[in-house]
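For the sequence shown, UniProt numbering assigns the number 1 to the initial residue and increments by one for each residue that follows.
Taking it in order: structure first as structure tokens, then the write-up.
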Amino acid sequence: MTLQKIFLQVSRKIRARQGQDILSHLEFTGNGFLCSLPSDILHIIAGYLSPSSLAILTLCSKVIRYKLGARYHKEDIKDTIEHCADKCPPLQYFLKMYWTYQQMYWSSRLPPKLPEFKIFLYLLARDSSSQIFCFRCGKIHSPNRSDQINLWWPWSWKNCGSFDGSLMQIYYGRHFHFEGAQLAMQQYRRGTYPRKQLKKLSKISVFIGKPLLSDSELRKLCSLQVRIISNRLYVKTVRKRDCTTEASNSIFDTIYRRLYICPHLMEHQCSIIDTANFGILQDGPHIEKLQTDDTALSRCSHCFTEVHMKIFKIKKRYVSSRTVIVTIWQDFGTLSHPADPDWYSHLDTITSSALVQFPLGSIRKTFESASE
């Protein structure tokens with residue numbers, strides 16, 4: 001019997017029974033997933049689950065069977081399980097076990113092709129329209145940020161204990177983060193276009209009071225657009241930098257440290273080659289020149305990012321003024337799997353050696369040709 005049939009069979013039996021002792025009506029014989037799960041664990045967990053969530057046990061039982069097996073009846077293993085079940089919500093306990101089991105076989109270069117994992121995410125998404133199974137911490141929580149803004153630590157979330165969002169907020173502003181993007185894609189896959197969520201992600205940060213950085217005007221975020229195109233999340237950001245300097249070439253010494261494009265084009269290592277009124281980027285961390293077309297469109301070699309720079313020069317008396325417009329197009333993929341390199345590459349550090357292949361200009365063309 002396939003996993004889909006098992007899921008449908010269990011769901012029908014759950015809906016048919018409205019009593020408290022639902023598990024007593026499920027068969028623990030045969031070769032299904034439920035037959036290998038100790039009944040005492042099922043009864044402990046089921047007391048905390050809604051009927052619709054009980055179908056998740058058809059997935060979790062496989063983990064219990066492989067991870068514990070006969071060792072469950074040993075006192076040390078059994079005591080540990082029952083202790084954890086008492087200390088944390090049983091649903092979260094089961095999800096954490098399933099999460100740990102799946103991650104053993106994952107890598108960024110070889111994502112798993114497991115149908116049960118897709119059903120697992122589908123069940124969780126069906127139970128709530130405002131929460132996600134967070135790919136960062138392995139818990140179910142809301143992606144909303146904390147409303148308490150701290151001047152020195154303004155980008156922390158109260159619901160995710162493992163994700164430091166400060167780096168991403170430097171690039172996109174404090175309202176854009178991967179948890180919110182994950183929720184938007186989750187709602188889209190459920191058949192609801194997440195217009196409200198995309199609007200929230202596109203909101204530009206405005207800090208009241210003293211700026212966090214003395215050079216914040218050099219990395220001003222003018223606009224941020226988020227779109228879902230062909231089941232993939234695309235982001236377009238535009239930055240404007242007004243610089244004034246007496247020396248005509250020193251502008252590049254000023255702005256090359258503040259190119260908030262992606263983690264691979266680090267702001268302190270990426271240099272600019274001036275060609276007429278365009279700027280061509282060079283990948284400093286990987287010591288290689290970026291592929292560039294006739295319009296000076298460049299791309300990153302390690303994530304789905306394209307960037308274009310336009311430089312406007314104005315000389316008034318003895319002072320040279322330059323305005324640099326930086327436009328960035330990025331493809332974050334489907335955000336359907338934690339090991340998907342399409343979106344995870346945007347979190348990568350300069351130590352990454354993985355290369356991505358895509359036609360130069362394809363991301364920009366896809367974004368600009370799509371309607372709202």
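From the three backbone atoms N, C-alpha and C, an ideal C-beta is built for every residue, glycine too.
Taking all protein chains shown into account, do 16 or more other C-beta atoms lie within 10 angstroms of the C-beta of residue i, making it buried, or fewer, making it exposed?
i: residue 305; result: buried
i: residue 300; result: buried
i: residue 197; result: buried
i: residue 342; result: buried
i: residue 202; result: buried
i: residue 312; result: exposed
i: residue 344; result: buried
i: residue 369; result: exposed
Below 8 Å between beta carbons: does that hold for residue i and residue j?
i: residue 367; j: residue 220; result: no
i: residue 175; j: residue 139; result: no
i: residue 358; j: residue 181; result: no
i: residue 188; j: residue 224; result: no
i: residue 226; j: residue 325; result: no
i: residue 355; j: residue 302; result: yes
i: residue 373; j: residue 262; result: Residue 373 falls outside the range modelled here, since the chain spans only 1 to 372, and no answer is possible.
i: residue 142; j: residue 129; result: no
Between residue i and the rest of its own chain, which residues show a CB-CB distance below 6 Å, the 5 nearest in sequence each way excluded?
i: residue 329; result: 236, 306, 363, 364, 367
i: residue 242; result: 323
i: residue 338; result: 135
i: residue 231; result: 334
i: residue 228; result: 188
i: residue 310; result: 325
Between which two residues does the beta strand (DSSP E) holding residue i run?
i: residue 187; result: No beta strand (DSSP E) contains residue 187, which is instead part of the alpha helix (DSSP H) from 178-189.
i: residue 223; result: 220-229
Where does residue i fall in DSSP's three states?
i: residue 122; result: helix
i: residue 347; result: helix
i: residue 367; result: helix
i: residue 317; result: coil
i: residue 330; result: strand
i: residue 136; result: coil
i: residue 242; result: strand
i: residue 233; result: strand
i: residue 146; result: Because residue 146 sits at a pLDDT of 49, beneath the cut-off of 50, its placement in the model cannot be relied upon, and the following sentence gives the value as read from the coordinates. Correct three-state label for residue 146: coil.
Only counting the same chain, and skipping five residues up and downstream in sequence, which positions put a Cβ closer than 7 Å to that of residue i?
i: residue 374; result: Examination of residue 374 is not possible in this model, given that the chain is present from 1 through 372 alone.
i: residue 99; result: 138
i: residue 186; result: 125, 132
Between which two residues does the alpha helix (DSSP H) harbouring residue i extend?
i: residue 297; result: Note, residue 297: premise wrong, no alpha helix (DSSP H); beta strand (DSSP E) at 297-299.
i: residue 197; result: 195-201
Which residues in the same chain have their Cβ closer than 8 Å to the Cβ of residue i, if we skip the five residues on either side of it in sequence?
i: residue 191; result: none
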